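K.L.:
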Amino acid sequence: MQGVELSQTDDARGGAPRGLEGLLGDVARGDQQAFEAVYRQVAAPVYGLARRVVRDPALAEEVSQEVLVTVWRTAARFDADRGSALAWVMTLTHRRAVDRVRSEQAATDREERARRAEPPPFDEVTELVENRMQAERVRRCLGTLTDLQNEALRLSYYQGYTYREVSSLLAVPLGTIKSRMRDGLIRLRDCLGVEW
Amino acid sequence: MVKRQDIHALAGPYALGALPDDERRLFEDHLEACESCRQEVRGLTETAARLGSAVAETPPAALRDRVMAEIERTAQVPPVAEGAPVRRIRWSTAAASWAAAACLAIAVAVGAVAVHDQRQAAQLRAERARITAVLSAPDAHITTTAATSYGRGTAVVSRSRDRLVFTLAGSRRLPVDRAYQLWYLTPQGAARSAGLLDTHPDTTPTTTTLLAGARTLALTVEPAGGSRQPTSQPIMSLPIR
């Protein structure tokens, strides 16, 4: 089981002949088989991220369905010059999930909720990951960040807060938060060896 | 309370999806003309995506059936024609919901007017070019007011372009006999009009030439048609560096 999962991960990174980018080209021409292959590669990352941001499993499913149908509908608009297919799909997912949480609660509610509910430790949410090795690398690299970089990345990416909200939640000036988000991502990028 | 920031520093929050919609649009406009920013954003967006796939979780099996059933009845969009003149259009449609709405609104306005009045359309196109020039300037700075009951004002200032772009997000619709008017204020207290805002300030940025010596941009509500001097207290103000 583990072996199968890992090979899917390799596939998702574009290592296999039928990488996501090529598959999306077929999807754009209406190929439902190709879409099923795309589904197999991205459904878990999409659902996992949606679940992490919106929390509620039923809502996460709804968001995932919207995102995956958007992938089908707009595959022709994917532009490899702009980044990888997985990054495109994850950006769609994050945007959609964040739209949902931002529209459902006033900012003040969300800040209040964040104060009460500390984000769960990273280990807990990685329990079910299919791409365990990659997740382990991300976890290790997050460990090389400063506490503030770490918090800024998690609060914004996993909980959908704007940098303004993160600034007030952590009582840190806006300019500092912006910089920590950028230099935190740069450190993470270099640690993970992301090449783009 | 006013925040000034270097537009380039928004790359991190942008890649993390942490910009409010209005700032995201401004930053996307900036990206259009800043190749080095696009490169950095690409790497940072890939990195953020790793944060996403690191929390992958197997969805319920029923999701697959529902998705496959829905795509059966969902039409696909065609690819954008080659040689589309504005790269921004490709970018925003490529990511579906990544709409650079402010810019698109201008594009739409240009298109709509062109049918009726070629000369006005040309003026609007020139206006759009001026806005893009400010947003893409290397020294572009964003200043944003706190949210007020009249919305939130954002100004992008470029000294090298000698221009300023102002947008009002979440603005209040005014009675027909009233209008939003922008002013330059000098430290000595003199005010000079920087123009009236469009009747739909939410979607239409305003651009104006910087006034030498002005240190503050202020917004007031004036009688329709505007005033020679402000007749009411500013509803918001922004410092100009």
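Protein sequences, first through last, are from chains A and B. According to our numbering, the first sequence holds residues 1 to 196 in order. According to our numbering, the second sequence holds residues 197 to 437 in order. Just so it is clear, CB atoms sit at the ideal spot from N, CA and C, and this is done for glycine as well. Owing to the predicted nature of the structure, the values given are computational and were not obtained by experimental measurement.
1) What residue from A:Arg40, A:Arg95, A:Ser179, A:Val69 has the CA that sits closest to A:Gly160's CA?
2) Extract the residue ranges of the beta strand (DSSP E) inside the stretch 359 to 432 of chain B, only unbroken runs of 3 or more that lie entirely within it.
3) In chain B, which residues lie with their C-beta within 9 Å of the C-beta of A:Arg73?
4) Cα separation between B:Arg368 and A:Arg182?
5) Put A:Thr176 into one of helix, strand or coil per three-state DSSP.
6) Verify whether the separation of the beta carbon atoms of B:Ala214 and A:Val166 is less than 8 Å.
7) Any idea if A:Met90 is buried or exposed, counting beta-carbon neighbours within 10 angstroms, 16 or more meaning buried?
8) Can you find a CB in chain B that lies within less than 8 Å of the CB of A:Arg55?
9) For B:Ala211, which residues from the same chain have a beta carbon less than 8 Å from its beta carbon, with the 5 sequence-adjacent residues on both sides left out?
10) Along the chain, where does the alpha helix (DSSP H) containing B:Val263 start, and where does it finish?
11) Does the stretch 352 to 359 of chain B come within contact of the stretch 330 to 343 of chain B, defined as at least 3 CB pairs closer than 8 Å?
12) Quick one: is B:Leu212 near chain A, going by C-beta distance under 8 Å?
13) Tell me which same chain residues have a C-beta within less than 6 Å of the C-beta of A:Ala80, skipping the five on either side of it?
14) Buried or exposed: B:Val372, going by 16 or more other Cβ atoms within 10 Å of its Cβ?
15) With distance defined between alpha-carbon atoms, name the residue in B:Pro383, B:Pro430, B:Met432 nearest to B:Ala408.
16) Applying the 10 Å Cβ sphere with the 16-neighbour rule, what's the burial state of B:Gly385?
17) Using C-beta distances below 6 Å, list every residue in its chain close to B:Val361, excluding the 5 sequence neighbours before and after it, in chain order.
18) With a threshold of 8 Å between beta carbons, is B:Thr241 in contact with chain A?
19) Given that a residue counts as buried once 16 or more other Cβ atoms are within 10 Å of its Cβ, and exposed if not, what is A:Ser156?
20) Kindly give me the distance between the Cβ atoms of B:Gly347 and B:Ala333, rounded to whole angstroms, as I take these residues to be in contact under 8 Å.
21) Chain A partners of B:Leu215, CB-CB under 8 Å?
22) Taking Cβ-Cβ distances shorter than 9 Å, what residues in chain B pair up with A:Glu61?
23) Out of B:Asp217, B:Val251, B:Gly391, which one is the CA nearest neighbour of B:Leu406?
24) Is the beta carbon of A:Ala60 closer than 8 Å to that of A:Tyr39?
25) Could you have a look at B:Ala211 and say whether DSSP puts it in helix, strand or coil?
P.N.:
This is what the structure gives:
1) A:Arg95
2) 359 to 365, 374 to 381, 387 to 392, 402 to 405, 412 to 419
3) Ile267, Thr270, Ala271, Gln272, Val273, Ala292
4) Between B:Arg368 and A:Arg182, the C-alpha separation is close to 34 Å.
5) helix
6) yes
7) buried
8) Taking Cβ atoms only, chain B never reaches closer than 8 Å to A:Arg55, which makes this a no.
9) Shown here for B:Ala211: same chain residues with a beta carbon closer than 8 Å to its own, the five before and five after excluded, namely Val237, Leu240, Thr241, Thr243, Ala244 in chain order.
10) 257 to 268
11) Between the stretch 352 to 359 of chain B and the stretch 330 to 343 of chain B, the count of C-beta pairs closer than 8 Å reaches three or more; the two stretches touch.
12) yes
13) Glu21
14) exposed
15) B:Pro383
16) exposed
17) Ile327, Val330, Val352, Pro401, Thr403
18) It does: the Cβ of B:Thr241 has a partner Cβ on chain A nearer than 8 Å.
19) Label assigned to A:Ser156: buried.
20) Incorrect: roughly 25 Å between the Cβ atoms, too far for contact.
21) Thr162, Tyr163
22) Neighbours of A:Glu61 on chain B, chain order: Pro255, Pro256, Ala258, Leu259, Arg262.
23) B:Gly391
24) no
25) helix
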